[in-house]
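K.L.:
Quick mapping for you: the protein sequence lines, in order, are chains A and B.
Those letters in the first sequence? Residues 869 to 1240, per the numbering used here, in order.
Those letters in the second sequence? Residues 17 to 416, per the numbering used here, in order.
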Amino acid sequence: MSTMALSQFSIPFLMGNSLNAWSDALAGFYLFGLPLGLVILAAIPLVFIALYSLTYGVYGERKISAFMQDRLGPMEVGKWGILQTIADILKLLQKEDIVPASADKFLFVVGPGILFVGSFLAFAVLPFSSAFIGANLNVGLFFAIGIVAIEVVGILAAGWGSNNKWSLYGAVRSVAQIVSYEIPAAIALLCGAMMAGTLDMQKITMLQSGAYGFAHFFLFQSPIAWLPFLIYFIASLAEVNRAPFDIPEAESELVAGYFTEYTGMKFAVIFLAEYGSMFMVSAIISIVFLGGWNSPLPNLGGFALNDWTNGPVWGAFWIITKGFFFIFVQMWLRWTLPRLRVDQLMYLCWKVLTPFAFISFVLTAIWEVYRP
Amino acid sequence: MQELDTAGLGSVRVTRQSDTVVILEKDLATEQMVLAMGPQHPSTHGVLKLECLTDGEVITQAEPYLGYLHRCFEKCCENVDYPAVVPYTDRLDYLAGMNSEFAYAITVEKLLDIEIPRRVEFIRVIVAELNRIASHLVAIGTYGIDLGAFTPFLFCFRDREIILGLLEWASGARMLYNYIWVGGLAYDVPADFLKRVKEFVNYFRPKTVELCELLTKNEIFVKRTLGIGIMPADVAINYGWSGPMLRGSGVKWDLRRNDPYSIYPELDFKVPVPDGKDSVIGDCLSRHLVRAWEMDESLKIIEQCIDKIPSAEGFNPRSAIPKRIRPKAGEVYGRAENPRGELGFYIESDGKSTKPVRCKARSSCFVNLSAMKDLSKGQLIPDLVAIIGSIDIVLGEVDR
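This is the structure in structure tokens:
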């Protein structure tokens, strides 16, 4: 009863429950004739990426890997090493910003920027809550798939501009990998789009709401949705260069791949872009297959768990939780599996994932047409 | 239409019209690139430098460059007394100091022709086999890192730490022990040492199974190592390979069996060789498997030694150590099975001096590494990393 009252109280407090209420209000906010609201709108995902990379991304990964490896992880700075990442950032800020003498200065400087913009732009179409989305595009999913390709340009610029043989190897591998894996990833997401009948991220999410919580998610709505779900998850690992597909930065082969020569804040920006991409693909998979900001809890008779745990604030909680869960799986895989070889990676993409993606595409189409 | 090859600049497809040649299509010319791998590279296990000629990711030629860690071991030995060589031998294969000391001690003892107390022999075998396990743990762990698996490395180092603790307890040092002396030992083992070793053996048995499940049975690991860097047995013998490398190629050659020393003939253990069921004989996976199996055999040896060891009553570990080591004129070659293969010492004495006239070490890593050029031809860069890892070099012994 009290929870119910709370959610009813929170609705007027949080400027209504209508779709995109917060972001629309922000977009209309002008100060002295300047569209200050739009700047805040764009800054929110940026702050989110920075905060989450600091806490869950870097500190969390170090602690999780430490737990898996029978270690303690960072323990010195602050209690349980909580302030370790802050100390690392301060150190990175003080570092000399080295541009190698023989590097192509323009490409070297611009590379990390493009890389970050690529991963950051996709956040524009991620619905963080029913009341918040950066840009409510009607081709949001298409935009999110396409914009990732910008990262390729950044990686190639960084690898080529470094004028280092290892960087070049890393960049070439990375480009081949990302471009190849976009195909199964896009086809797998198309299966979700086909089930929804739209490319609008908010509409895709809304179609997965219902009183039975998780039962309405696309993953459980069709008997073959698990196939595109798995294919997209595997392909997304390759797209964000995470293990076991981290061959572009394979430290035992290519030293550090395309960012071997980077130091200081440029290195930090590349790192931030990586963590940004990790959340982005995790959010996309949870939006398309796991209901985005919808609560997974079902209404059980008198316990209207689903109603109690839905709403703009709960929505933000659910999508971030779902995203973090997939990031956890990414970390788990990274600290368990060895790395594939370049040709094995391409084999997996073109001879396993792509055909299966097409199969799941056809099966989903058949299911959607002849659904009982 | 006709294809012409224009001296390495890529082929050109042409057609002839009356007498003029018309170029239809030109392939992109590819060049070979020189890639210096090391001496500061994460997977060259120290300061090895490989100068690779690469065509894309394929290596057409790889030449190892050595000497970055050369410390004039042999010259140093000529200037110190026989017992003072022992600390230098630790620094050869610094991951298996006990085994190197063991090899040197039995060589000089052979030259002196002295009898060693039985308890000394048992303790020597126990510490040497412990050190063999520690060394193989590093080999397996770093091999995991080479292939991108980080966690097995830390599991290995966690267990190796216990062994290092035990050896530190016995000798006072973690890696450079100076424990096995010519004719005896520096000290007897501490009172509860053997009990603790037994505890370690019981603790470590299940851990080898865990390691096997995490790494050796991993699908990706098998994919990366199966059929990579195959070395046929005859070529391996011609190169002079020894240790797990030679056994990986299917040759059942173990100096503890084939040229027995110390108390090894009394002990019951197998010499594991791959049977070709799990791996292609002679590939990287075989070499890895041999190391994993050898750890189990070493555990068996340690257990038997603990059961059979004579009591410490009235035992003086230095009783057989000569007051002054001055061997009669002559030469000797002694060898022992080290974790990485045959470590041999050739020592020459002039009969007057307390210093060796010549002391040459036959390094297993150096010999094993000499096959690098053959093994790496036509491999991809990631496979080159897998091959270097499977050779398991310690640059301290390669360069000496």
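Where a beta carbon is used, it is the ideal one built from N, C-alpha and C, also for glycine.
These numbers were taken from a predicted model, which means no experiment stands behind them.
How long is the line joining the alpha carbons of alanine 1106 of chain A and isoleucine 1099 of chain A, rounded to whole angstroms?
P.N.:
11 Å
K.L.:
Tell me, which residues are paired with proline 80 of chain B by DSSP?
P.N.:
Beta-bridge pairing links proline 80 of chain B to B:Leu66.
K.L.:
Note down, in chain order, every chain A residue with its Cβ under 7 Å from the Cβ of lysine 239 of chain B.
P.N.:
Counting only Cβ-Cβ distances below 7 Å, lysine 239 of chain B has contacts in chain A at Gln1212, in chain order.
K.L.:
Using a Cβ-Cβ distance cut-off of 8 Å, determine whether methionine 388 of chain B contacts chain A.
P.N.:
no
K.L.:
Touch check for the segment 980–989 of chain A and the segment 1015–1023 of chain A: three-plus C-beta pairs under 8 Å?
P.N.:
yes
K.L.:
With a threshold of 8 Å on Cβ separation, who are the neighbours of serine 870 of chain A within its own chain once the five nearest residues in sequence on each side are excluded?
P.N.:
Reliability of the predicted coordinates at serine 870 of chain A is poor, the pLDDT of 44 falling under 50, and no value is obtained from them.
K.L.:
Find the residues of chain B that neighbour glutamate 1129 of chain A, judging by a C-beta separation of less than 9 Å, and give them in chain order.
P.N.:
Neighbours of glutamate 1129 of chain A on chain B: none; closest Cβ ~14 Å, over 9 Å.
K.L.:
Since arginine 374 of chain B is in the alpha helix (DSSP H), which residue starts that stretch and which ends it?
P.N.:
Here arginine 374 of chain B belongs to no alpha helix (DSSP H); instead the beta strand (DSSP E) covers 374–378.
K.L.:
To the nearest angstrom, report how far apart proline 417 of chain B and glutamate 229 of chain B are at their CA atoms.
P.N.:
The displayed coordinates of chain B run from 17 to 416. Any statement about residue 417 of chain B would go beyond what the structure contains.
K.L.:
Would you list, in chain order, the members of the segment 949–972 of chain A that have their beta-carbon closer than 8 Å to a beta-carbon of chain B?
P.N.:
Listed by position, the residues of the segment 949–972 of chain A near chain B (Cβ gap below 8 Å) amount to none.
K.L.:
Would you say glutamate 117 of chain B and tyrosine 193 of chain B are within 8 Å of each other, going by their C-beta atoms?
P.N.:
yes
K.L.:
Give me whichever residues DSSP pairs with threonine 46 of chain B in a beta bridge.
P.N.:
Partner(s): none; threonine 46 of chain B has no beta bridge.
K.L.:
What's the call for glutamate 944 of chain A, buried or exposed, on a 16-neighbour Cβ count within 10 Å?
P.N.:
Label assigned to glutamate 944 of chain A: exposed.
K.L.:
If you drop the 5 nearest sequence neighbours on each side, which residues of the same chain put their C-beta closer than 6 Å to that of alanine 1061 of chain A?
P.N.:
Leu1009 and Leu1067
K.L.:
With 9 Å as the C-beta to C-beta threshold (strictly closer), list the residues of the segment 1084–1115 of chain A near chain B in chain order.
P.N.:
Ala1111, Pro1112, Asp1114 and Ile1115
K.L.:
Compare the beta carbon distance of serine 998 of chain A and isoleucine 1092 of chain A with 8 Å and say whether it is the shorter of the two.
P.N.:
For the pair serine 998 of chain A and isoleucine 1092 of chain A, the CB atoms are not nearer than the 8 Å cut-off.
K.L.:
By Cβ distance, which residues of its chain are closer than 7 Å to asparagine 1032 of chain A, with the 5 residues on each side in sequence left out?
P.N.:
In its chain, beyond the 5 residues on either side, Thr1128 and Glu1129 have a beta carbon closer than 7 Å to the beta carbon of asparagine 1032 of chain A.
K.L.:
For a test of the three-state rule: what should DSSP assign to arginine 134 of chain B, helix, strand or coil?
P.N.:
Three-state DSSP puts arginine 134 of chain B in a helix.
K.L.:
At what residue ranges does the segment 890–927 of chain A contain a whole run of the beta strand (DSSP E), taking only runs of 3 or more?
P.N.:
Segments of the beta strand (DSSP E) lying fully in the segment 890–927 of chain A: there are none.
K.L.:
Which one or two residues does DSSP pair with tyrosine 349 of chain B in a beta bridge?
P.N.:
B:Tyr362
K.L.:
Looking at the C-beta of arginine 221 of chain B, does it have a partner C-beta in chain A at a distance below 8 Å?
P.N.:
Using a Cβ-Cβ cut-off of 8 Å, arginine 221 of chain B does not count as an interface residue toward chain A, since no Cβ of chain A sits closer than that to its own.
K.L.:
Hey, how far is the Cα of glutamine 320 of chain B from the Cα of methionine 49 of chain B?
P.N.:
When rounded, the distance between both Cα atoms is 55 Å.
K.L.:
Looking only at its chain, what residues have a beta carbon closer than 7 Å to the beta carbon of isoleucine 139 of chain B, apart from the 5 residues adjacent to it on each side?
P.N.:
Leu201 and Val205
K.L.:
List, in order along the chain, the chain B residues whose C-beta lies closer than 9 Å to that of lysine 1033 of chain A?
P.N.:
Met49, Val50, Leu51, Ala52 and Thr70
K.L.:
Using the DSSP secondary-structure output, state which residues sit across from proline 995 of chain A in a beta bridge.
P.N.:
A:Ile1001
K.L.:
Using a Cβ cut-off of 8 Å (strictly closer), state whether proline 980 of chain A contacts chain B.
P.N.:
By this cut-off, proline 980 of chain A is not an interface position.
K.L.:
Quick test of your reading: glutamine 1212 of chain A and lysine 239 of chain B, contact by CB under 8 Å. State the CB separation rounded to the nearest angstrom.
P.N.:
6 Å
K.L.:
Taking contact to mean 3 or more Cβ pairs, one atom from each stretch, closer than 8 Å, check whether the segment 1032–1043 of chain A and the segment 1143–1156 of chain A are in contact.
P.N.:
Counting C-beta pairs closer than 8 Å gives fewer than three between the segment 1032–1043 of chain A and the segment 1143–1156 of chain A, which falls short of the contact rule.
K.L.:
Is there a Cβ from chain A that is less than 8 Å from the Cβ of serine 151 of chain B?
P.N.:
no
K.L.:
Quick one: give me the first and last residue of the alpha helix (DSSP H) that histidine 1084 of chain A is part of.
P.N.:
Unbroken run through histidine 1084 of chain A: none, as it is neither H nor E.
K.L.:
With distances taken from CA atoms, which of A:Ile1001, A:Ala1124, A:Asn1167 and A:Gln1045 is nearest serine 1077 of chain A?
P.N.:
A:Asn1167
K.L.:
Tell me which residues share the same chain as isoleucine 75 of chain B and place their Cβ nearer than 6 Å to its Cβ, disregarding the 5 neighbours each side in the sequence.
P.N.:
Cys68, Ser392, Gln395 and Leu400
K.L.:
So with Cβ pairs under 8 Å, would you call valine 401 of chain B a contact of chain A?
P.N.:
yes
K.L.:
Using a Cβ-Cβ cut-off of less than 9 Å, give me the residues of the segment 1183–1214 of chain A that come near chain B, in sequence order.
P.N.:
Arg1202, Trp1203, Thr1204, Leu1205, Pro1206, Arg1207, Leu1208, Arg1209, Val1210, Asp1211 and Gln1212
K.L.:
Determine the contact status of valine 1123 of chain A and proline 58 of chain B, defining contact as a CB-CB distance below 8 Å.
P.N.:
yes
K.L.:
Are the beta-carbon atoms of phenylalanine 1000 of chain A and serine 1154 of chain A separated by less than 8 Å?
P.N.:
no
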